[in-house]
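A.B. asks: This is the structure, below, for whatever I ask next.
Right, here's the structure in full:
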């Protein structure tokens, strides 16, 4: 463990949340995408690597 203070981690999380909000605002305004569509896209992209890995493992199984 690196033994970071809880306050430091909280600050990092707040900064990440602000950045994510900024990205979401750009995507929603420039690409005319709705919030629900953005959530679905993030879920799809987030799970895509897992699905590809599972498919590869399935090919290797007898």
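In our numbering, the protein residues as written are 526 to 587. No residue lacks a Cβ here, since even glycine has one placed at the ideal position from N, Cα and C.
In angstroms with no decimal places, state the Cα-to-Cα distance between residue 554 and residue 531.
C.D. replies: 35 Å
A.B. asks: With a cut-off of 8 Å on the beta carbons, I'd call residue 538 and residue 552 a contact; round off their distance for me.
C.D. replies: The beta-carbon distance between residue 538 and residue 552, rounded to whole angstroms, is 21 Å. This is too long to meet the 8 Å contact definition.
A.B. asks: For residue 625, name the three-state secondary structure that DSSP assigns.
C.D. replies: Beyond the ends of the chain as shown, which are 526 and 587, falls residue 625; an answer cannot be given.
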